[in-house]
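Engineer: Numbering (the working numbering), first residue to last: 463 to 744. Where is the CB? At the ideal position from N, CA and C, for every residue including glycine. Computed from a predicted model, the values in this text were never measured in an experiment. Quick one: structure below, then a few questions.
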Amino acid sequence: MIFDRNEKKQVVALLGAGSMGTAIVRRIGAGKKILLGDISEETLKRVGEDLSRCGYDMKTLVVNALQKESIEAFARKAAELGPVMYFIDTAGASPNQASPEHIVNLDMVGTGYAVDAFGKVIAEGGAGLLISSQAAYMYPIPNDIELQLVNTPTEELKNVKFIQEVAMQNSGFAYMIAKRMNHLQAQRAAATTWRKRRARINSISPGVIVTPLAYDEFRASGEGYQAMIDASAAQRTGTSDEIAEAAAFLLGEHAKFITGTDLLIDGGVIASIRTGEFKLWL
Ligand SMILES: NC(=O)c1ccc[n+]([C@@H]2O[C@H](COP(=O)([O-])OP(=O)(O)OC[C@H]3O[C@@H](n4cnc5c(N)ncnc54)[C@H](O)[C@@H]3O)[C@@H](O)[C@H]2O)c1
Numbered sequence: 463m464i465f466d467r468n469e470k471k472q473v474v475a476l477l478g479a480g481s482m483g484t485a486i487v488r489r490i491g492a493g494k495k496i497l498l499g500d501i502s503e504e505t506l507k508r509v510g511e512d513l514s515r516c517g518y519d520m521k522t523l524v525v526n527a528l529q530k531e532s533i534e535a536f537a538r539k540a541a542e543l544g545p546v547m548y549f550i551d552t553a554g555a556s557p558n559q560a561s562p563e564h565i566v567n568l569d570m571v572g573t574g575y576a577v578d579a580f581g582k583v584i585a586e587g588g589a590g591l592l593i594s595s596q597a598a599y600m601y602p603i604p605n606d607i608e609l610q611l612v613n614t615p616t617e618e619l620k621n622v623k624f625i626q627e628v629a630m631q632n633s634g635f636a637y638m639i640a641k642r643m644n645h646l647q648a649q650r651a652a653a654t655t656w657r658k659r660r661a662r663i664n665s666i667s668p669g670v671i672v673t674p675l676a677y678d679e680f681r682a683s684g685e686g687y688q689a690m691i692d693a694s695a696a697q698r699t700g701t702s703d704e705i706a707e708a709a710a711f712l713l714g715e716h717a718k719f720i721t722g723t724d725l726l727i728d729g730g731v732i733a734s735i736r737t738g739e740f741k742l743w744l
């Protein structure tokens, strides 16, 4: 049975084939060629087969988002498949899953390499999306440091004094700073490399979304998360499908005037923190 006879298809490249990423490609991937990249062969096999059985045109590649060469090979593979119209980066580790160094290397430097690599292959009219976090709003970085970070090449980010001295203190700081850096990475690319290719790039900062990554957080800091959810306007966690809905908007036709920005989707958690309704346990 041939499900789709179209040969020339737009390409959707997803780095990190986890819960949110998969929901996003399901939402936008019909009639397109989907390239999944993940460090886990088992995840690629499971997700690739699952989506394939649902009628999506799938390709997979083992990618280590900690390694520049591996990410560049992923971007080249995407470009070989056709015009790369969509790039989504959800590869990440959360504070209770990894050391500060791993979080800085993956969530910050790895994302930087991916933005750089796809900035060389994204098609005209294409769109990118980085999955940041509500944590990006929890630790305001001084303006002069942000300016320094936004103008530092990806290779040198780890050498910045602020990263060495503040982000490396513990995994929580590493995560908050790495995720804020994702906003700056989208801004930088939107104004430079991606702009030159007439492509857009934005980020989404999800609140607590129930995924395997979130379960690791609940196991380690369940009471804190419960209090945070209870104090929020929504009074509940979110789902990957709600993130996918917003992602489809930001990546799609109706968002052509939106680039270099972040969309916070947190059920009101940051509003309750900013107004002092909820006291963060930092
Ligand atoms: N779930 C939440 O509550 C939440 C909230 C805010 C932000 N986020 C962020 O959203 C993103 C997606 O998270 P999720 O909840 O869908 O998690 P998930 O664990 O379902 O997906 C993450 C994927 O990244 C992959 N990955 C990890 N290290 C990798 C590497 N070195 N190279 C390539 N792939 C790698 C994993 O194998 C996994 O498939 C992450 O960046 C996370 O920090 C999650």
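Assuming Ala-645 and Ala-598 are in contact, meaning their beta carbons sit under 8 Å apart, how far apart are those beta carbons, in whole angstroms?
Structural biologist: Along the sequence shown, one-based indexing puts residue 645 at 183. Along the sequence shown, one-based indexing puts residue 598 at 136. Reading the sequence as shown, one finds His at residue 645 and not Ala. Between Ala-598 and His-645 the Cβ distance is about 6 Å, and since that is below 8 Å, they are a contact.
Engineer: Spell out the partners DSSP gives Val-524 in its beta bridges.
Structural biologist: The residue you call residue 524 lines up with position 62 of the sequence shown. Answer by DSSP bridge pairing, in chain order: Asp-500.
Engineer: Taking the C-alpha atoms as reference points, what is the distance between Val-525 and Ala-492?
Structural biologist: For the purposes of this step, residue 525 is taken as the residue at position 63 of the sequence shown. For the purposes of this step, residue 492 is taken as the residue at position 30 of the sequence shown. Near 23 Å, if we compare the C-alpha coordinates of Ala-492 and Val-525.
Engineer: Tell me the DSSP secondary structure of Leu-713 in three-state form.
Structural biologist: As a first step, residue 713 must be located in the sequence shown, where it is residue number 251. Residue state, collapsed to three classes: helix.
Engineer: Between Ala-706 and Arg-467, is the Cβ-Cβ spacing less than 7 Å?
Structural biologist: Counted from its first residue, the sequence shown places residue 706 at position 244. Counted from its first residue, the sequence shown places residue 467 at position 5. The answer is no: Cβ separation not under 7 Å.
Engineer: Taking C-alpha atoms, which residue in Ile-691, Ala-629, Leu-592, Pro-604 lies nearest to Thr-721?
Structural biologist: As a position in the sequence shown, residue 721 is number 259, starting the count at 1. Among Ile-691, Ala-629, Leu-592, Pro-604, the Cα nearest to that of Thr-721 belongs to Leu-592.
Engineer: Among the residues of its own chain, which have a CB less than 6 Å from the CB of Gly-634, if the five just before and after it don't count?
Structural biologist: In the sequence shown, residue 634 corresponds to position 172, counting from 1. Hits under 6 Å: Pro-557.
Engineer: Check Gly-588 in the structure and name its three-state DSSP category.
Structural biologist: Mapped onto the sequence shown, residue 588 falls at position 126. DSSP places Gly-588 in strand when its eight states are reduced to three.
Engineer: Using only the alpha-carbon positions, how far apart do Arg-657 and Ile-464 sit?
Structural biologist: Position 195 of the sequence shown, counting from 1, holds the residue named residue 657. Position 2 of the sequence shown, counting from 1, holds the residue named residue 464. One C-alpha to the other measures close to 38 Å.
Engineer: Any heavy atom of ligand 1 closer than 6 Å to the CB of Leu-528?
Structural biologist: Mapped onto the sequence shown, residue 528 falls at position 66. Yes, the beta carbon of Leu-528 sits closer than 6 Å to at least one heavy atom of ligand 1.
Engineer: When the distance is taken between beta carbons, is Leu-528 closer than 7 Å to Phe-536?
Structural biologist: Taking the sequence shown and counting its residues from 1, one reaches residue 536 at position 74. Taking the sequence shown and counting its residues from 1, one reaches residue 528 at position 66. Not closer than 7 Å, so no.
Engineer: Please determine, among Ile-727, Leu-513, Met-690, the residue with the shortest C-alpha to C-alpha distance to Ser-734.
Structural biologist: Against the sequence shown, residue 734 aligns to sequence position 272. Among Ile-727, Leu-513, Met-690, the Cα nearest to that of Ser-734 is on Met-690.
Engineer: When burial is assigned at 16 or more other CB atoms within 10 Å of the CB, is Asn-613 buried or exposed?
Structural biologist: For the purposes of this step, residue 613 is identified with residue 151 of the sequence shown, where counting begins at 1. Flag for Asn-613 reads exposed.
Engineer: Counting along the chain, where does the beta strand (DSSP E) carrying Met-547 start and finish?
Structural biologist: Walking along the sequence shown from the start, residue 547 turns up at place 85. Start and end: 546-551.
Engineer: Identify every run of the alpha helix (DSSP H) within the segment 648-736, keeping only runs that are complete inside it and at least 4 residues long; order them along the chain.
Structural biologist: 655-658, 674-693, 702-713, 731-736
Engineer: Which of the three DSSP states is assigned to Val-487 in this structure?
Structural biologist: For the purposes of this step, residue 487 is taken as the residue at position 25 of the sequence shown. Looking at Val-487 - three-state DSSP - the assignment turns out to be helix.
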